[in-house]
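Worksheet for the structure shown next.
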Amino acid sequence: MKYLEQSKTVVLIILVGLSILLTFSIWSYHPNYEKVEKPEPAGVLMDKKRTLPEIIQPARLLIHQEGDWRGTIDTEEMAPLFTEMKKWQLTDISTVSSNFNLQKLNDQLLVDQRIVLQFDGEVPMPVFQSLLPVTSKKVPEINFDQVIISWSTEESDIPKNELTILFSNVKQKQLYRGKVKVKSENGFKNDVLGSFQDLASYEPIQRDNANTLFLPTQTQKLTQYKYLISAISIEDFKNALFTMPGIVKMSPDLEAGIDKYTDDKSIMTIDKNRYLATFVDATATENQENIQKSNLIASTFNFINLHGGWTGDYRYANVDYNAQEVVYQLYIENLPVLKTDLGTAKIEAFWGNGRIYRYIRPTYKLAYLPQEENKEIKLISGIDVVQKLMASNEIDFNKITALRVGLTMKQDEGRSSIYLFEPTWFYRLDGVWYPINPKDAQVGGDTDGLE
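With UniProt numbering applied, the sequence shown covers 1 to 451.
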């Protein structure tokens, strides 16, 4: 009995020890959970991917040399400068003025021996360095809408192989300066300046308390193009925008021609009559965390690039920092489509909580029809447009912020899948582009009103 009691005691001690050990193991156990990420949308490419320099393009290039103004909106004619710029290195970026205004900008623009690049929207320096490399390890987060390239003259004390680069932003009252050294002064003059000798003649239109407008002095022969329109596969949109396209459900509205696609987090609306897609991610919060303009442009660009969403020649148009929105405008033959009978000719991307929360864009693709007879249109000069606008009793000419040739997009009569792209003059007022009646904008027009 004595040994039996001792055995029971030993067994009891062992059991108590095992219990303590097991309890400690449970308390101290930390499972190795994998981090759960929000799944990415299924991979799909609607069209080819593009690079930032293809998207960030100036609306206009101007050159002022020995009193003569010339300019272009054609990216191919700008190409010699862009090719050279990629070889440069921008150094010594500094602030010239924090009280920059329209009058000071106009004065800078009218100086001789200068090239001017004008953009429709603000361009952040970290984005622009894809066109002009910056030597600084940390690229300054400065934003501008005009770039002025100044080269030396015989009277200048600046080294002959050095260029001064100015970056202006009147809205923010900022003017910045940097410098670039070219390998050869003669090479710059021959390869870049020499290539601009045959550009169209331009003239500056100076106004009181308003920005200077630069417009072509001659009439322009342009083409009214015809394109075949077709719908992009809705499956491509589903796979590009929804993280789990297999569970997406569609509810049609046959009378309105609208289909709605939803999962438990997002909704996509397809307006088949207007070729318009609207996507909203309900899990992302609007404007909860603003990001810098350079990151905003890069993020929306990468999002569209990921699914090859550049189903046409879309170019950066502007950024709205408060709304966290970036707009990309459709171009045809270097002209923006500024008016359309369809839903839109722009891609609008809104950023929130580290991802796209709203996405508005066309659902069409365009195919050029070489067999179609395209009509030639002759537009009046920019100077003549100014005279018509100044004579109008309905428009305050000094409040117009821009004048340019753009395209109206309308259905060809009797052919639902063919669209006409007709060039005409547009003016911008309070951020909105308005077309001038084509009959007023064309040589030989005889109407009295402006649209």
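The beta carbon of each residue, even a glycine, is placed where N, CA and C say it ideally should be.
#### Entry: Secondary structure of Phe242, DSSP reduced to three states
Start at 1 with the first residue of the sequence shown, and residue 242 comes out as number 242. If DSSP states are grouped into helix, strand and coil, Phe242 belongs with coil.
### Query
Mind checking Val405: buried by the 16 CB within 10 Å criterion, or exposed?
Translated into positions along the sequence shown, residue 405 becomes position 405. Flag for Val405 reads buried.
### Query
By a C-beta neighbour count over all protein chains shown, 10 Å radius and 16 as the cutoff for buried, is Lys378 buried or exposed?
Taking the sequence shown and counting its residues from 1, one reaches residue 378 at position 378. Classification of Lys378: exposed, given that the 10 Å Cβ count is below 16.
### Query
Which residues in the same chain have their Cβ closer than 6 angstroms to the Cβ of Val386, if we skip the five residues on either side of it in sequence?
By one-based count along the sequence shown, residue 386 stands at place 386. Answer for Val386: Ile205, listed in chain order.
### Message
To the nearest angstrom, how far is the alpha carbon of Tyr202 from that of Ser230?
### Response
By one-based count along the sequence shown, residue 202 stands at place 202. By one-based count along the sequence shown, residue 230 stands at place 230. Computed Cα separation, rounded: 38 angstroms.
### For Met46 and Asp236, the rounded distance between their alpha carbons
Here residue 236 refers to the residue found at position 236 when the sequence shown is read from its first residue. Here residue 46 refers to the residue found at position 46 when the sequence shown is read from its first residue. Their backbone Cα atoms lie some 7 angstroms apart in a straight line.
### Query
Looking at the structure shown, is Glu162 part of a helix, part of a strand, or coil, going by DSSP?
Within the sequence shown, the letter at position 162 stands for residue 162. Correct three-state label for Glu162: strand.
#### Entry: Whole-number beta carbon distance between Ser184 and Leu166, since they are thought to touch under 8 angstroms
To locate residue 166, count along the sequence shown from 1; it is residue 166. To locate residue 184, count along the sequence shown from 1; it is residue 184. Incorrect: roughly 22 angstroms between the Cβ atoms, too far for contact.
### Task
Identify every residue that forms a DSSP beta bridge with residue 452.
What the structure shows of the chain is the stretch from 1 to 451, and residue 452 is not part of that stretch, so it cannot be assessed.
### Message
Measuring only the C-alpha atoms, how far is Pro124 from Ala298?
### Response
Locating residue 124 in the sequence shown gives position 124, where the first residue counts as 1. Locating residue 298 in the sequence shown gives position 298, where the first residue counts as 1. Their Cα atoms are separated by approximately 10 angstroms.
### Message
Taking only three categories from DSSP, how would you classify Thr83?
### Response
Within the sequence shown, numbered from 1, the residue matching residue 83 stands at position 83. Thr83: helix per DSSP, three-state reduction.
### Local conformation of Asp299 per DSSP, three classes
As a first step, residue 299 is located in the sequence shown; it is residue number 299 there, counting from the start. According to the sequence as given, residue 299 is Ser; it is not Asp. In the structure shown, Ser299 sits in a helix (DSSP, three-state: H, G or I).
### Task
Can you tell me which of the three DSSP states Met268 falls into?
Along the sequence shown, read from residue 1 onward, the residue named residue 268 stands at position 268. Correct three-state label for Met268: strand.
### Message
Whole angstroms are fine: how far does the CA of Arg355 sit from the CA of Arg70?
### Response
Walking along the sequence shown from the start, residue 70 turns up at place 70. Walking along the sequence shown from the start, residue 355 turns up at place 355. So the alpha carbons of these two residues sit roughly 43 angstroms apart.
### Assigned secondary structure, Met390 (DSSP; H/G/I helix, E/B strand, else coil)
In the sequence shown, residue 390 corresponds to position 390, counting from 1. In this structure, Met390 counts as helix in the three-state DSSP scheme.
### Query
Which first and last residues belong to the alpha helix (DSSP H) in which Leu102 is found?
Walking along the sequence shown from the start, residue 102 turns up at place 102. Its alpha helix (DSSP H) spans residues 102-109.
### Query
Hey, out of Asn101, Thr408, Lys339, whose CA is closest to Tyr225's CA?
The residue given as residue 225 occupies position 225 in the sequence shown. Considering only alpha carbons, the answer is Thr408.
### Which of helix, strand or coil DSSP assigns to Ser417
Residue 417 sits at position 417 when you count from the first residue of the sequence shown. Residue state, collapsed to three classes: coil.
### Query
Measuring CB to CB, does Phe350 end up less than 8 angstroms from Glu325?
Translated into positions along the sequence shown, residue 350 becomes position 350. Translated into positions along the sequence shown, residue 325 becomes position 325. Cβ distance < 8 angstroms, so Phe350 and Glu325 count as in contact.
### Query
Exposed or buried, what is Gln89 when buried is set at 16 or more other beta-carbons lying within 10 Å of its beta-carbon?
The count along the sequence shown starts at 1 and reaches residue 89 at position 89. With fewer than 16 other Cβ atoms within 10 Å, it is exposed.
### Query
What separation, rounded to the nearest whole angstrom, lies between the Cα atoms of Tyr368 and Asn161?
In the sequence shown, counting from the first residue as 1, residue 368 sits at position 368. In the sequence shown, counting from the first residue as 1, residue 161 sits at position 161. In a straight line, the C-alpha of Tyr368 is about 45 angstroms away from that of Asn161.
### Residues near Glu84 in its chain [Cβ-Cβ closer than 6 angstroms; skip 5 each side]
The count along the sequence shown starts at 1 and reaches residue 84 at position 84. Excluding residues within five positions, the ones whose Cβ falls inside 6 angstroms are Val192.
### Query
Among Gln197, Met250, Ile93, which residue has its Cα nearest to the Cα of His64?
If you number the sequence shown from 1, residue 64 lands on position 64. That would be Gln197, whose Cα lies nearest to the Cα of His64.
### Distance CB(Tyr314)-CB(Leu330) smaller than 8 angstroms
As a working note, residue 314 is residue 314 in the sequence shown. As a working note, residue 330 is residue 330 in the sequence shown. Yes, these two residues count as a Cβ contact at 8 angstroms.
### Task
Determine the extent of the beta strand (DSSP E) in which Leu330 is found, giving its start and end residues.
For the purposes of this step, residue 330 is taken as residue 330 along the sequence shown, with counting starting at 1. Here the beta strand (DSSP E) through Leu330 covers 325-332.
### Query
Any idea what DSSP makes of Thr363, helix, strand or coil?
Indexing the sequence shown from 1 puts residue 363 at position 363. Thr363 falls in the coil class under three-state DSSP.
### Query
With 8 angstroms set as the bound, which would you pick, yes or no: does the beta-carbon of Ile418 sit closer than that to a beta-carbon of chain D?
Any reference to chain D falls outside this structure, which holds one protein chain only.
### Task
Give the secondary structure of Met125 by DSSP, where H, G and I count as helix, E and B as strand, and everything else as coil.
Here residue 125 refers to the residue found at position 125 of the sequence shown. Note: Met125 maps to helix in three-state DSSP.
### Task
Report the residue from Pro336, Glu333, Arg361, Phe100 whose alpha carbon sits nearest the alpha carbon of Lys272.
Position 272 of the sequence shown, counted from the start, is the residue given in the question as residue 272. Of the listed residues, the one whose Cα sits closest to Lys272 is Arg361.
#### Entry: Rounded C-alpha distance that separates Val432 from Glu348
Here the question's residue 432 lines up with position 432 in the sequence shown. Here the question's residue 348 lines up with position 348 in the sequence shown. The straight-line gap from Cα to Cα measures roughly 15 angstroms.
### Message
I believe Ile93 touches Gly178 by the beta-carbon criterion, under 8 angstroms. Please report the beta-carbon distance rounded to the nearest angstrom.
### Response
Here residue 93 refers to the residue found at position 93 of the sequence shown. Here residue 178 refers to the residue found at position 178 of the sequence shown. Yes, Ile93 and Gly178 are in contact; Cβ-Cβ is about 4 angstroms, under 8 angstroms.
### Query
In chain order, what residues of the same chain have a beta carbon less than 6 angstroms from the beta carbon of Leu342, not counting five sequence neighbours either side?
Residue numbering aside, residue 342 sits at position 342 when the sequence shown is read from its first letter. Excluding residues within five positions, the ones whose Cβ falls inside 6 angstroms are Arg274, Tyr275.
#### Entry: Buried or exposed (CB count within 10 angstroms, at least 16 for buried), Leu254
Taking the sequence shown and counting its residues from 1, the one referred to as residue 254 is at position 254. Leu254 is exposed by the Cβ-count criterion.
### Task
Assign Asp145 to one of two classes, buried (16 or more other C-beta atoms within 10 Å of its C-beta) or exposed (fewer than that).
On the sequence shown, position 145 is the one that residue 145 refers to. So Asp145 counts as buried.
### Task
Provide the residue span of the alpha helix (DSSP H) that contains Lys137, from first to last.
What you label residue 137 is simply residue 137 of the sequence shown in a count that begins at 1. Where Lys137 is concerned, there is no enclosing alpha helix (DSSP H), given that its DSSP letter is neither H nor E.
### Message
By the three-class DSSP mapping on this structure, what secondary structure does Val182 have?
### Response
Along the sequence shown, one-based indexing puts residue 182 at 182. The answer is coil: DSSP assigns Val182 none of H, G, I, E or B.
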